[in-house]
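Student:
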Amino acid sequence: MVVKTGNLTLEIPVQITTYRVFIDQCLEFVTENSSLGKDFKRTAKFKLAIMELLTNAMKHCKAVSYIDIQCYPDKVVVKKIDNGQRFTFKDVDTDKYYDFPIDPFAEPLKINARLGNNYTLFINIKSKNQIEFLEPPAIDYLSLEEVPENFGLMIIKQCCDTFHYQYNKALSQNIFEVIFQL
Numbered sequence: 390m391v392v393k394t395g396n397l398t399l400e401i402p403v404q405i406t407t408y409r410v411f412i413d414q415c416l417e418f419v420t421e422n423s424s425l426g427k428d429f430k431r432t433a434k435f436k437l438a439i440m441e442l443l444t445n446a447m448k449h450c451k452a453v454s455y456i457d458i459q460c461y462p463d464k465v466v467v468k469k470i471d472n473g474q475r476f477t478f479k480d481v482d483t484d485k486y487y488d489f490p491i492d493p494f495a496e497p498l499k500i501n502a503r504l505g506n507n508y509t510l511f512i513n514i515k516s517k518n519q520i521e522f523l524e525p526p527a528i529d530y531l532s533l534e535e536v537p538e539n540f541g542l543m544i545i546k547q548c549c550d551t552f553h554y555q556y557n558k559a560l561s562q563n564i565f566e567v568i569f570q571l
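The opening residue of the sequence shown carries number 390 in this note's numbering; numbering runs sequentially from there.
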C-alpha cells in the first residue's frame with residue numbers, strides 16, 4: 390500500500406483470499422480525504438464499484454493489478470490498472486469485433502457492445518485507445534434466464550458518474566477509470 394496526500398495505491402495480487410481488507414482501506418481513505426463518505430448512498434455505490442473492480446481483477450486479468458484512488462476537491466477518481474489481457478467487445482449491430490488499439494479509428498462512435506455471453510452495454514468509442522461506458526437503459530427482465538451473469542461493468546456504470554476503459558499501448562496497460570463527482 391502506498392499512501393500520499395490525496396492518493397492511495399493498492400497492489401492486488403492474482404489470488405485474493407478476502408476482499409474485506411482492500412474494501413476497508415479504500416473506504417477509510419475516501420472518508421478521510423473527500424466528502425464522499427458523508428453521503429451514505431454515494432459511499433455504498435463507491436463500495437460496490439470497488440468490489441466489482443476487485444472481482445474484475447480476480448476473474449479476468451490473471452495478473453497483478455493496482456487500485457489507485459485520487460481525491461480532488463470536486464471528484465474521486467478510482468483506477469484499476471493491470472497488464473493482463475486487453476479488453477475486447479463486439480458491436481451488436483454489425484457483429485464487428487474490437488480490440489485495442491482500435492485501428493483504423495476515424496471518429497467517435499456510439500455502439501451497443503456485447504460484453505459477455507448474454508449482455509450488452511452502450512459505449513462511446515472516444516479514440517483508438519479509449520472507450521466510455523454509457524448509462525444503460527432501464528432493465529426489466531421477464532425471466533431469470535435473461536439476467537446476465539457477468540454484468541460487473543454495468544454495475545460500476547450505474548454506481549458512478551463517469552466510467553472509461555483506456556489501453557496504454559506504451560506500457561501494455563488496461564486502465565478502468567471510475568469517477569465520482571462530489
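Every residue, glycine too, gets a C-beta built ideally from N, C-alpha and C. This one's a predicted model, so the numbers in the text were calculated from it and none came from an experiment.
1. Taking the alpha carbon of Ser-454 as the point to measure from, which residue in Gly-541, Val-403, Gln-519 has its own alpha carbon closest?
2. With a cut-off of 8 Å on the beta carbons, I'd call Leu-397 and Ile-458 a contact; round off their distance for me.
3. To the nearest angstrom, how far is it from the Cα of Met-543 to the Cα of Pro-525?
4. Report, in whole angstroms, the separation of the C-beta atoms of Asn-472 and Ser-561, which I expect to be a contact under 8 Å.
5. Identify the residues that DSSP records as bridge partners of His-449: which are they?
6. Which residues bound the alpha helix (DSSP H) around Phe-411?
7. Quick check on Arg-503: does DSSP put it in helix, strand or coil?
8. Taking only the alpha-carbon atoms, compute the straight-line gap between Phe-494 and Arg-475 and give it to the nearest angstrom.
Tutor: Put simply:
1. Translated into positions along the sequence shown, residue 454 becomes position 65. Closest by alpha carbon: Val-403.
2. Here residue 397 refers to the residue found at position 8 when the sequence shown is read from its first residue. Here residue 458 refers to the residue found at position 69 when the sequence shown is read from its first residue. Yes, Leu-397 and Ile-458 are in contact; Cβ-Cβ is about 5 Å, under 8 Å.
3. As a first step, residue 543 must be located in the sequence shown, where it is residue number 154. As a first step, residue 525 must be located in the sequence shown, where it is residue number 136. Rounded to the nearest angstrom, the two C-alpha atoms are 7 Å apart.
4. Residue mapping note: residue 472 aligns to position 83 of the sequence shown, counting from 1. Residue mapping note: residue 561 aligns to position 172 of the sequence shown, counting from 1. Contact flag correct, Cβ pair sits at about 5 Å.
5. By 1-based counting over the sequence shown, the position of residue 449 is 60. For His-449, which the question treats as bridged, DSSP gives no partner whatsoever.
6. Position 22 of the sequence shown, counted from the first residue, corresponds to residue 411. Phe-411 -> alpha helix (DSSP H) spans 409–422.
7. Indexing the sequence shown from 1 puts residue 503 at position 114. Three-state result, Arg-503: strand.
8. For the purposes of this step, residue 494 is taken as the residue at position 105 of the sequence shown. For the purposes of this step, residue 475 is taken as the residue at position 86 of the sequence shown. Cα to Cα, the separation comes out at about 17 Å.
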